[in-house]
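2 protein chains.
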Amino acid sequence: MTNHALTNLALTTDTIGSGGGAAGSEPLADSNDDRERLARAGLSRVVEPGDLAALKAFDGMSALEIWDRLQRKSRGLERWSTRLAEVDPQGDLERAAAAGARFVIPGDEEWPDAVDVLADAGQLTRRAGAPFGLWVRGRANLRAALKQSASIVGARACSSYGDHVAAELSAGLADTGVTVVSGGAFGIDAAAHRGALAASGLTIAVLACGVDVSYPKSNSALLSRIAEDGLVVAELPPGCSPTKLRFLARNRLIAAATQGTVVIEAAIRSGALNTAGWAEQCGRAVLAVPGPITSRMSAGSHLLVRERNALLATSVADIVEAISPFGAHLTEPPRAPQTLADTLAPDLQRTLDAVPVHHPAPATRIAVTAGLDLPTTQQSLESLAAHALITQTPTGWRLPPPTPLA
Amino acid sequence: MTNHALTNLALTTDTIGSGGGAAGSEPLADSNDDRERLARAGLSRVVEPGDLAALKAFDGMSALEIWDRLQRKSRGLERWSTRLAEVDPQGDLERAAAAGARFVIPGDEEWPDAVDVLADAGQLTRRAGAPFGLWVRGRANLRAALKQSASIVGARACSSYGDHVAAELSAGLADTGVTVVSGGAFGIDAAAHRGALAASGLTIAVLACGVDVSYPKSNSALLSRIAEDGLVVAELPPGCSPTKLRFLARNRLIAAATQGTVVIEAAIRSGALNTAGWAEQCGRAVLAVPGPITSRMSAGSHLLVRERNALLATSVADIVEAISPFGAHLTEPPRAPQTLADTLAPDLQRTLDAVPVHHPAPATRIAVTAGLDLPTTQQSLESLAAHALITQTPTGWRLPPPTPLA
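These protein sequence lines are chains A and B, in that order. This note's numbering puts the first residue of the first sequence at 28, with every later residue one more than the last. This note's numbering puts the first residue of the second sequence at 28, with every later residue one more than the last.
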């Protein structure tokens with residue numbers, strides 16, 4: 028039974044690895060033995076994501092060691108034994124395989140090293156640990172998909188502005204080969220996923236429940252499409268429901284897994300700000316899209332820029348610059364086209380300003396108006412005429428008549 | 028004739044100084060003799076504002092010295108002699124007095140020292156010099172009015188969002204006693220002046236033409252009202268028309284005279300960005316109001332934040348903080364009200380998440396759902412019940428029924 032299921036799973040991932048368009052072309056190398064995978068699958072059900080007490084109690088132990096000690100009901104670990112009787116990692120792996128999902132663990136070719144930053148808890152102010160593994164639904168290679176990625180997060184109850192901007196920026200990111208990661212929720216999340224899908228790009232939904240659970244229910248068609256064309260990922264095993272703490276723990280994954288987090292519309296009390304906080308702690312880029320100051324929906328984004336040094340994201344290029352290695356993708360700041368008149372030296376400009384529109388004036392008059400001496404004025408007039416900015420008439424200088432519209 | 032006019036002017040300013048509500052109550056001290064004022068009035072007509080060549084040629088000379096040398100047609104100053112024949116400083120002072128204006132010069136009690144920063148040209152990358160004097164129309168004391176002031180600048184062709192925000196922020200600034208300074212132009216400028224006037228606050232229009240010239244024409248009613256309730260100020264003597272270079276020179280005055288410049292809606296090619304540049308060079312605060320990234324009108328504001336370290340201005344408080352002495356007016360960042368459930372320790376939150384909404388569950392069941400040991404769960408349930416977050420029933424624990432609406 029055990030072997031059968033794992034074989035099944037291996038077959039599934041193998042097929043996935045070689046069949047997916049966006050996935051790496053090599054079959055997935057698997058350096059982990061079955062015991063390790065089973066232990067981690069079990070732990071992913073027993074230990075709540077981001078459990079601080081667990082992180083402390085298990086400090087320095089391998090996954091196998093933790094799992095063995097829990098089975099042996101070791102002293103000090105009683106706290107995590109309550110669920111043990113109901114845990115069936117082998118069953119979870121089978122259930123996942125049946126739902127078209129695999130369980131990716133550290134050491135697997137597909138494991139996204141980026142999330143390991145979460146294990147380095149000493150560096151973070153809020154310790155929460157790396158996941159024991161990631162349940163993954165979809166054909167793409169998780170590690171490859173995350174290599175160039177940005178998370179787009181924001182309000183569930185977003186405005187039409189937020190919805191529009193999330194879809195546009197995500198489509199633009201997808202166009203430049205950046206994977207769009209979000210949480211599969213209503214509002215900004217859904218718009219971001221949809222934008223990436225519309226541009227035929229890769230998108231990943233990281234859920235706070237099992238990858239086989241459709242939450243929110245009305246996003247189930249969207250989640251299916253993401254699983255079809257992109258990836259649905261969760262730290263929690265199949266069947267799990269979301270809880271408040273699971274949403275917060277999920278946010279740390281989104282932040283850690285991507286090179287940058289972009290907040291689009293977040294009220295002051297928004298999970299997106301929590302994700303941004305994690306991105307900050309993980310050393311990832313934090314960006315916020317500005318909006319009208321009259322909109323409460325943009326207050327959180329503006330707060331990030333004002334109080335937490337988030338970068339202002341106004342375009343796809345801004346985001347690509349921020350998530351790329353230093354200097355790799357510098358944004359060209361927008362510039363207006365310069366006209367000839369913009370580049371005039373001050374004396375020329377002053378002379379030009381003093382030339383009448385209609386009724387020609389002599390150089391002596393123009394010199395007085397411009398406040399320049401006559402020789403300077405004469406020279407400037409010649410120069411302006413040479414550039415066709417003014418015309419000379421028998422009675423003096425004037426601006427050229429406007430070009431008639433064709 | 029000379030003395031008569033000056034006496035007239037002195038009487039006017041005296042009346043103004045003691046009569047104006049917002050003005051200082053002492054009569055204006057005048058440490059300048061007539062010769063100095065006449066020389067500066069003359070220079071304000073002969074030398075274009077911000078004339079770099081003049082700054083160089085006159086370096087180290089007093090106003091009287093410059094004026095004398097120009098009269099004597101000294102070598103090297105020929106450039107400025109063209110207008111000399113037509114200049115009548117005494118006439119200008121009379122003309123100003125007739126229009127209800129006075130000519131304020133350094134040393135006058137009313138002189139705003141802030142603009143002297145422009146004389147320290149060595150510190151600036153674009154030298155342009157301090158004004159020889161300021162032509163001032165209105166009852167308020169210029170120096171006092173600028174003591175707590177911010178300039179609000181932006182696009183002439185602003186959107187209704189920009190118009191609304193400019194009026195609201197200006198009204199708010201006026202309410203807190205901050206004088207709103209702008210350029211008297213269409214769009215953001217006009218909205219800013221109107222907002223301050225609507226809040227019965229002080230507002231100052233700094234013009235690129237004479238204080239008696241209504242430019243733009245259709246703003247003449249607004250300019251009259253500003254002169255009535257606030258101040259209209261210009262570096263150029265009465266009767267002068269605006270030119271492109273005069274607009275740019277005017278911008279440096281707006282930036283230097285106030286403690287901070289707030290840009291509201293500026294396209295990439297906007298005079299407001301020029302003003303912001305001057306504010307930067309003068310060591311003044313530079314703020315930009317964000318807007319939709321889909322609006323070209325906000326592109327300049329966002330550019331200032333991204334490329335030139337402008338602060339994001341989202342409220343009156345943000346502006347007041349930025350223009351106040353360090354630490355004097357710290358903005359309280361917006362915070363959402365915290366509910367009791369927000370402050371729960373993780374174990375309590377996990378237990379609460381595991382308590383059913385309708386059908387009571389025993390502690391043993393809740394412990395499994397929460398993934399906590401039974402003693403911890405029991406303790407958490409008691410604590411949650413003590414805060415009325417859950418209720419105990421004969422068959423177990425559940426959330427309290429919702430309070431019926433009155």
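Beta carbons: idealized from backbone N, C-alpha and C, even for Gly. Computed from a prediction, not measured in an experiment: that's the story for all the values here.
Item	Value
Please tell me whether residue 329(A) has its Cβ less than 8 Å away from any Cβ of chain B.	yes
Counting C-beta neighbours from all protein chains within 10 Å, is the total for residue 125(B) 16 or more, i.e. buried, or is it exposed?	exposed
Can you pull the chain B neighbours of residue 318(A), defined as C-beta to C-beta under 9 Å?	317, 318, 319, 320
Against residue 211(A), what residues of chain B qualify as contacts under a CB-to-CB distance less than 9 Å, listed in chain order?	Simply none; closest approach about 19 Å.
Tell me which residue opens and which closes the alpha helix (DSSP H) that residue 350(B) is part of.	343-350
Measuring only from the beta carbon, is residue 394(B) closer than 7 Å to any heavy atom that is part of the ligand COA?	For the ligand COA, the structure offers nothing, since it holds no ligand at all.
What number of angstroms, rounded off, separates the C-alpha of residue 343(B) from the C-alpha of residue 204(B)?	11 Å
Could you say which of 304(B), 373(B), 261(B) lies nearest to residue 159(B) if we only look at CA atoms?	261(B)
At the level of alpha carbons, what is the spacing between residue 376(B) and residue 68(A)?	24 Å
Give me the chain B residues within the contact set of residue 394(A), using Cβ-Cβ distance strictly less than 7 Å, ordered along the chain.	109
In angstroms, rounded to a whole number, what distance separates the CA positions of residue 234(B) and residue 267(B)?	10 Å
Taking the CB atoms as reference points, tell me whether residue 281(B) and residue 178(B) lie closer together than 8 Å.	yes
Does the contact criterion of 3 or more C-beta pairs under 8 Å hold for the segment 215-226 of chain A versus the segment 175-195 of chain A?	yes
Taking contact to mean 3 or more Cβ pairs, one atom from each stretch, closer than 8 Å, check whether the segment 316-327 of chain A and the segment 308-317 of chain B are in contact.	yes
Let me see if you follow: with CB-CB separation under 8 Å, is residue 175(B) close to chain A or not?	no
Spell out whether any CB of chain B is found under 8 Å from the CB atom of residue 188(A).	yes
Let me confirm a value: residue 324(A) is counted as buried when at least 16 other C-beta atoms fall within 10 Å, else exposed. Which label applies?	buried
Buried or exposed for residue 52(A), please, with buried defined as at least 16 other CB atoms from any protein chain shown within 10 angstroms of its CB.	For residue 52(A), the predicted model reports a pLDDT of 39, less than 50, meaning its position is unreliable; a value from the coordinates is still stated below. By the 10 Å Cβ count, residue 52(A) comes out exposed.
Three-state secondary structure (DSSP) at residue 192(A)?	helix
Report the three-state DSSP secondary structure of residue 340(A) (helix, strand or coil).	coil
With the cut-off set at 8 Å, would you say residue 201(A) and residue 171(A) are in Cβ contact?	no
Examine the Cβ distances between the segment 374-394 of chain B and the segment 417-425 of chain B and report whether three or more of them are shorter than 8 Å.	yes
At the level of alpha carbons, what is the spacing between residue 305(A) and residue 269(A)?	19 Å
Quick one: Cα of residue 277(A) to Cα of residue 228(A), how far?	23 Å
Tell me the start and end of each unbroken alpha helix (DSSP H) in the segment 364-395 of chain B that is at least 4 residues and wholly inside, in chain order.	373-381
Please classify residue 257(B): is it buried, with 16 or more other beta-carbons within 10 angstroms of its beta-carbon, or exposed?	buried
Apply the 10 Å Cβ neighbour rule to residue 103(B) and answer buried if 16 or more other Cβ atoms are within range, or exposed otherwise.	exposed
Do residue 403(B) and residue 106(A) have their C-beta atoms within less than 8 Å of each other?	yes
Using a 10 Å radius around the Cβ and a threshold of 16 neighbouring Cβ atoms, would you call residue 248(B) buried or exposed?	exposed
Answer with buried or exposed for residue 98(A), where buried requires no fewer than 16 other C-beta atoms within 10 angstroms of its C-beta.	exposed
Taking only the alpha-carbon atoms, compute the straight-line gap between residue 91(B) and residue 116(B) and give it to the nearest angstrom.	13 Å
Within the same chain, show all residues whose beta-carbon is closer than 7 Å to that of residue 279(B), passing over the 5 residues directly before and after it, in chain order.	77, 145, 155, 305
Give me whichever residues DSSP pairs with residue 424(B) in a beta bridge.	388(B), 419(B)
Between residue 312(B) and residue 141(B), how many whole angstroms is the CB-CB distance? I'm expecting something under 8 Å.	Actually they do not touch by this definition, with Cβ atoms about 13 Å apart.
Can residue 265(A) and residue 64(A) be called in contact, C-beta distance under 8 Å?	no
Are residue 419(B) and residue 350(B) touching if we call contact CB-CB under 8 Å?	no
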